[in-house]
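Read through the structure below, which is laid out as structure tokens, and then see the notes.
Residue numbers (our numbering), protein chains in the order written: chain D, 43 to 288; chain E, 10 to 129.
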């Protein structure tokens, strides 16, 4: 086992709000910052994951999407394999209305595995899909993925900002640490925490946390959050209950 | 008409009841919002709350703020689990095909008329 540094929330130029984030730029930034694992999660799409994986030399690239649910809550959905991410993308695309206006929202660049720009995604990726939060979480869990609630306190897309508090019995895999510290709402206590950049610029990518584990994978990470079988995380506070000193 | 109730609103504005409140409360005002963190901070006892959020959390926010009822606008309908929770908790949930803006205007007008009767 060894330490793997991670940044589990990174965008590419496919997200209209990102800039100078080609697969090559993302990979070079991650590798020069000493990041071992990045998760690529563009808004409502996994269409550039394969290109980033192809560009990667050392860094391991986890496939993902940042789905915007009908409640306007963002959910980072991670997978071990590209197939899972693409299966979710297909279901999200079916329920994602509208067409992007580049003049207002910015371009949504698609890349091929050679690293070339091959066109613009027409769907309105910044919008919210018609799937409920519960439906997305159920789909991801069925596909063997992991759901992280990003920027929870934000009133734009954050689960607590939008819905007031975390609904009971929600099968969340983890929650991103807000910059102001952990929220003092229950039932956060049992949900593991993540520190990730939500990078829309290359300089934001970094080794924001680390996992001590056998290999890179969602199951290993789940063990690390719970301190099982010798796995652990750094910083160690990452079970929220411990962070609050309860 | 001294008091305005949810039933009055439902009748005059063609609202559909999905659940009823445990006790019929007087409607004294209104609040509109879809960010539940904002509604938790600003909605008040006796108001009707107009929202397009259909998630189950609206029931807890309604209980917390003690609003007279929740009206889901824009032709949306509450999720089944929201209805179930609201029924358990005795929180009134209604829906309307009107937009939040239009329905809010109509309710405001009815409240003004009621006030004119009471104070005029």
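Think of the CB as a built atom: it goes at the ideal place given N, C-alpha and C, for glycine as much as any other residue.
For residue 70 (chain E), the residues of chain D that pass the 7 Å Cβ criterion are 206, in the order they occur in the chain. In the structure shown, residue 250 (chain D) adopts coil according to DSSP, grouped into three states. Residue state for residue 100 (chain D) is assigned as coil, using DSSP reduced to three classes.
Just so you know, the alpha carbons of residue 79 (chain E) and residue 12 (chain E) end up roughly 18 Å apart.
Excluding sequence positions up to five before and after residue 37 (chain E), its CB lies within less than 6 Å of the CB of 55, all in the same chain and listed in chain order.
For residue 27 (chain E), no Cβ of chain D is located within less than 9 Å of the residue's own Cβ. Shown here, residue 17 (chain E) sits in a helix according to DSSP, grouped into three states. When the Cα atoms are used, residue 259 (chain D) and residue 81 (chain D) turn out to be separated by approximately 11 Å. Among the CB atoms of chain E, none fall inside 9 Å of the CB of residue 170 (chain D). Taking CB atoms only, residue 176 (chain D) has a neighbour in chain E less than 9 Å away. The shortest C-alpha to C-alpha distance from residue 57 (chain D) to any of D:87, D:72 and D:69 is the one to D:87. Per the C-alpha coordinates, the member of D:99, D:155 and D:83 positioned closest to residue 122 (chain D) is D:83. Short of 8 Å from the beta carbon of residue 112 (chain D), and not among the five residues preceding or following it, lie these beta carbons of its own chain, in chain order: 170, 171, 172, 173, 174 and 175.
Annotation: the segment 116-184 of chain D contains the following complete segments of the alpha helix (DSSP H) (minimum length 4 residues), in chain order: 124-136, 144-147 and 175-184. Taking C-alpha positions only, residue 248 (chain D) is separated from residue 269 (chain D) by approximately 23 Å.
Here residue 160 (chain D) is exposed, its C-beta having fewer than 16 other C-beta atoms within 10 Å. With respect to the 9 Å criterion, residue 120 (chain D) and residue 206 (chain D) are not classified as neighbours on the basis of their beta carbons.
Using a Cβ distance threshold of 9 Å, residue 76 (chain E) and residue 40 (chain E) count as a contacting pair. Under a criterion of Cβ atoms nearer than 8 Å, the residues of chain E adjacent to residue 203 (chain D) are, in order, 44 and 46. Residues 78, 79, 252, 253, 255 and 258 of the same chain have their beta carbon placed closer than 7 Å to that of residue 46 (chain D), with the five preceding and five following residues left out of the count. Interface annotation, residue 63 (chain E): in contact with chain D, CB-CB separation under 9 Å. Leaving aside the five residues that flank residue 65 (chain E) on each side, the residues in its chain whose CB is nearer than 7 Å to its CB run, in chain order, 88, 90, 91 and 94.
Apart from the 5 residues on each side of it in sequence, residue 216 (chain D) sits with its Cβ closer than 6 Å to the Cβ of 190, 234 and 236 in its chain, given in chain order.
Between the C-alpha atoms of residue 85 (chain E) and residue 126 (chain E) there is a straight-line separation of about 33 Å.
By the neighbour-count definition (other C-beta atoms within 10 Å, threshold 16), residue 142 (chain D) is a buried residue. Rounded to the nearest whole angstrom, the C-alpha separation of residue 157 (chain D) and residue 218 (chain D) is 30 Å. If you ignore the 5 residues before and after residue 203 (chain D), its C-beta comes within less than 6 Å of the C-beta of 195, 196 and 197, all in its own chain and listed in chain order.
Considering only E:59, E:96 and E:45, the residue with the shortest C-alpha distance to residue 31 (chain E) is E:96. As for any beta strand (DSSP E) of minimum length 3 sitting wholly inside the segment 37-61 of chain E, the runs are 38-41 and 56-60, ordered along the chain. Per DSSP, reduced to three states, the secondary structure at residue 215 (chain D) is coil, with no helix or strand assignment. Taking 9 Å as the cut-off, the Cβ atoms of residue 70 (chain E) and residue 49 (chain E) count as close.
Sorting D:74, D:126 and D:165 by C-alpha distance to the C-alpha of residue 92 (chain D) places D:126 at the top. By the Cβ-count criterion, residue 273 (chain D) is buried, with 16 or more other Cβ atoms from all chains shown falling within 10 Å of its own Cβ. Here residue 153 (chain D) is buried. Its C-beta has 16 or more other C-beta atoms within 10 Å. Using beta-carbon distances, residue 218 (chain D) does not count as an interface residue toward chain E, since no partner is under 9 Å.
Annotated three-state conformation of residue 66 (chain D) is helix, per DSSP.
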